[in-house]
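Written out below as structure tokens is the structure these notes cover.
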Amino acid sequence: MPMLIEREGVTAFTEAVDTFVRLAEDEAPEADHTDLLVSFARFQAEGEGWLAEGRRMGVWLSAVEPVEGLAYDLPRISLVALEFAKFRDGRAFSAATLLRQRYGYAGQIRAVGEVLRDLAKDMVRCGFDSFEPADDSTPEQWAASAFRFRHVYQSAADRRAPAFRERMGEG
Amino acid sequence: MSLAALTASNLRDGEVVFWALGRWAPRFADAELFDDPELGQAALILAKAQSTVVVDPYLIDLELEDGIAVPTSYRERVRALGPTIHPEMGKQAEGGVVIQALRVHSGGARSSGRLGLIRLKK
Amino acid sequence: MYRYDAIDKSVIEDRAAEFRDQVARRLSGALTEDQFKPLRLMNGLYLQLHGYMLRVAIPYGSLSANQLRGLARIGRTHDKGYGHFTTRQNVQFNWIKLSEAPDVLDALAEVDLHAIQTSGNCIRNTTSDPCAGATAEEVDDPRVWCEAIRQWSTLHPEFGYLPRKFKIAVTASAQDRTAAKVHDIGLVLRRNREGQLGFEVMVGGGMGRTPYLGTTIRQHLPVNHLLSYLSAVLRVYNRHGRRDNIYKARIKILVAALGAEDFARQVDAEWTAMDRQAVDLPDIELARIRGAFGYVPFADLPPVSGVFEAARKADPALARFARNNVKAHKVAGYAIVNVSLKAPGEVPGYGHSEVRVTHEQNLVLPHVKLDDLAAVHAGLTAAGLAASNINLASDIIACPGLDYCALANTRAIPVAQSIARRFAEPDVAESIGELKIKISGCINACGHHHVGHIGILGVDKKGEEFFQLTLGGSGAEDASLGDVLGPAVAYDQVTPAVDALVEAYLRERRGAERFLDTYRRVGLAPFKAAVYADAH
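Residue numbers (our numbering), protein chains in the order written: chain A, 3 to 173; chain B, 2 to 123; chain C, 239 to 774.
Given below as structure tokens:
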């Protein structure tokens, strides 16, 4: 299992315990699995029942599964895991941005797959707040990469003040 | 008979290098020549394990021209020489018999005939 | 020149530091080559045939004299004393060591230059008009909008890992000097009937193996919504562009697959749903950017310079230079001087310490006093840079080709040199008139061969260099893609073939018709007959 890093406050990152049990496609949850992470297909088929049992639900989206498919369920979902099958596949950045900015999703967005610290700044800016680094990054290394840049040019899901606001004396 | 050499680029400085009995040599003239494909493959496996020394090692086909082994492909001749537009730059600057052989037989510049003799496919 | 403030400088410095860390991790083995390659490419570092090549961004082609000196210093210290200006208005160094690359970036940062996003599947340097701020044709200074795009696209968190590279061009003149229609997005700045500035937005242009001209998806985008609209286009592309096949990954394929109307509809839906206020620059920031370009202290001069007119009459070389390389300036008493780089030498200092790089791989001195023209010409002559051949047959675009490039199939520069020698005689070149020859050493089309009046594409045939000729392309406002002439010709037949094409043109030409116009009127047949023996 890779380490799980979670964002804590504005600039800190910490190692976290993953409470979500990742169910294989043919695996049934145990009674004490309170937090479940399942595929989009499985969530559609069985999510209703698990939610009724009082479990917390996480949904794993591959890059080809659009976030729009989760729109109406988002208030009941505790975690969305967005997959980087290859770190060069940037679709999850748009997915996270839409989750935060268009759908106002307040739950956890987790980066899974080929998650390198070189992407930390982009992930944090697009609204990811938990990470499974594939490069053995420590929380300290993750923080250094995420906040390496003293200024940013764009407004994004992290609500960091972009350069044009800073220049106007805001932020 | 097939003839091959093993080449790569140095990781640190990008220089073209050739496998020469377990080390990497900058001159094509020093390249180890493999007439046994299995020996070439064995060297390639060793080279691929040196990922902090070289980038993208691969075997290149050679042919004999006037008794001197030179790369078959024009691209590899350019790599072994340097830019053709700057003969004073790259490995070719040093000169020597092998460099001369590479230059003389630069395959890509071979002419296939004169203008006016080009036949349209009917 | 846009002057960087502390924020702009910090971004470049922080990026250089980040890359230093990435290089260290690669050298130590913490990053594999597969992981490192996209990271180094996003910083313009390629591994080419003879070594690492570093592509340095020249934002929208604009350089200060100090920056040009900075580039020269890097060329001397870390390279072999030369560089290659690209069709993207950038410059490339060919002999950079990976271990020294971080130092080169620090040296670049000292003169406000960088290599950010000069490669990789991200938004690249914006192309613009080298005559911006100097030509009377333009409705507004396109550089203001280019700078807005530069800031928005620099390290954009959502659009750093697109399906493929992404190139934007901005022009504000009727005469298009940016090849806007063969960009992923081409933006043409215009005023509507009410006098308001807006962009015509064209998407899906591009070259490579499937060339397309861009299609207009919006006639008049209000300028203050530029960045939100671009964000909408990029989001649709990032989400829906193909990632399964590198040759079908550019936005042109998505636009062609969906149809321009459907693509525009998706962009509009995205744009409507977007919080535009968060993305678009407020007027105060646009005004700040405009101001940061500073003002050129133009003198109050008569439109005709007696000094220049006398010098021109006395010196035929200067007269020729003025005919071919000097263009009208918006301010009386000034001129725009094109410096042809299709001759070796160095660049002397004139023109308010500003130099522009053109996509045709030349330089422009944007603001030269007519009174100074003779002195500028003398300086250029001394430096071997006074070739009076702008847009003539010897002013050829060529990619680095197989002399440097790991992707190339054939050489391109020696082909260009050979053709240029054939048309070196100035009277011959001038009598032929405007003729844009563009050479690419492979199908990636970095030499823009699709839009050459004569395009030359290098192909590999069983290890031999062959060249396919196309006719009738144009990257200007009358954009078109060239038509294939016939079977490819061998390396040493290219110049004779071009010669034959020119002969055919001179036979067919009516009046002052350009090569391109003659071709468009008479078609392929006479040209085919001239090059291929039995095509009659």
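All C-beta atoms in this analysis are idealised placements derived from N, C-alpha and C, irrespective of residue type, glycine included. All of these numbers come straight from a predicted model, not from anything done at the bench.
Residue environment: residue 551/C is assigned as exposed (fewer than 16 neighbouring CB atoms within 10 Å of its CB, all protein chains considered).
When the five nearest sequence neighbours on each side are left out, the beta carbons in the same chain lying within less than 8 Å of the beta carbon of residue 34/B are those of 4, 5, 6, 63, 70, in order along the chain.
Using a C-beta cut-off of 8 Å, the stretch 395-414 of chain C makes contact with the stretch 476-487 of chain C, since at least three inter-stretch Cβ pairs fall below that distance. For residue 737/C, the three-state secondary structure derived from DSSP is helix. Look at the stretch 473-502 of chain C and you find these whole runs of alpha helix (DSSP H), each 4 residues long or longer: 489-496. In the DSSP assignment, no residue is bridged to residue 514/C.
Residue contact check for residue 380/C against chain B: no CB pair falls below 8 Å. Selection 308/C, 278/C, 382/C, 347/C evaluated against residue 337/C yields 278/C as nearest (Cα-Cα). Against chain C, a Cβ distance below 7 Å from residue 3/B picks out nothing, because the smallest value is about 16 Å. When DSSP states are grouped into helix, strand and coil, residue 675/C belongs to the strand group.
Contact between the stretch 357-371 of chain C and the stretch 443-456 of chain C is absent: fewer than 3 CB-CB pairs across the two stretches fall below 8 Å.
The Cβ neighbour count for residue 429/C, taken over all protein chains shown within 10 Å, is under 16; the residue is labelled exposed.
Relative to residue 610/C, the option among 547/C, 433/C, 685/C whose CA is nearest is 547/C. Assignment of residue 419/C by DSSP, reduced to helix, strand and coil, places it in the helix class. Interface annotation, residue 394/C: in contact with chain A, CB-CB separation under 8 Å. Nearest CB-CB separation between residue 354/C and chain B: not below the 8 Å threshold.
One alpha carbon belongs to residue 112/A, the other to residue 684/C, and they sit about 39 Å apart.
Residue 131/A sits away from residue 119/A, with the two beta carbons spaced by 8 Å or more. Residues of chain A with a Cβ closer than 7 Å to the Cβ of residue 517/C are, in chain order, 157. If you draw a straight line from the Cα of residue 394/C to the Cα of residue 92/A, it is about 11 Å long.
Residues of the stretch 254-267 of chain C with a C-beta atom less than 8 Å from some C-beta of chain A are 255, 256, 260, listed in chain order.
Across the stretch 71-85 of chain B, CB contacts with chain C closer than 8 Å involve 73, 74, 75, 76, 79, 80, 83, 84, 85, in sequence order along the chain. Unbroken beta strand (DSSP E) stretches of 3 residues or longer found wholly inside the stretch 32-110 of chain B: 55-66, 69-72, given in chain order. For residue 56/B, the nearest CB of chain C lies under 8 Å from its own CB, placing it at the interface with that chain. Annotated as distal: residue 408/C and residue 356/C, with beta-carbon spacing of 8 Å or more. Distance from the CA atom of residue 68/B to the CA atom of residue 95/B, rounded to whole angstroms, is 21 Å.
In this structure, the beta-carbon distance from residue 678/C to residue 650/C falls below 8 Å. Secondary structure at residue 699/C: strand, using DSSP grouped into helix, strand and coil. Per the Cβ contact rule, the stretch 709-717 of chain C is not in contact with the stretch 637-651 of chain C (fewer than 3 Cβ pairs under 8 Å). Residue 92/A has a beta carbon lying within less than 8 Å of a beta carbon in chain C. Not a single C-beta of chain A is nearer than 8 Å to the C-beta of residue 285/C. Contact of residue 118/A with chain C by beta-carbon distance below 9 Å involves 269, 273, 277. A straight-line Cα-Cα distance of about 35 Å links residue 579/C and residue 491/C. By the Cβ neighbour-count rule, residue 485/C is exposed, with fewer than 16 other Cβ atoms within 10 Å of its own. Of the other Cβ atoms in all chains shown, 16 or more fall within 10 Å of the Cβ of residue 391/C; this residue is therefore buried. In the structure shown, the three-state DSSP call for residue 37/A is strand.
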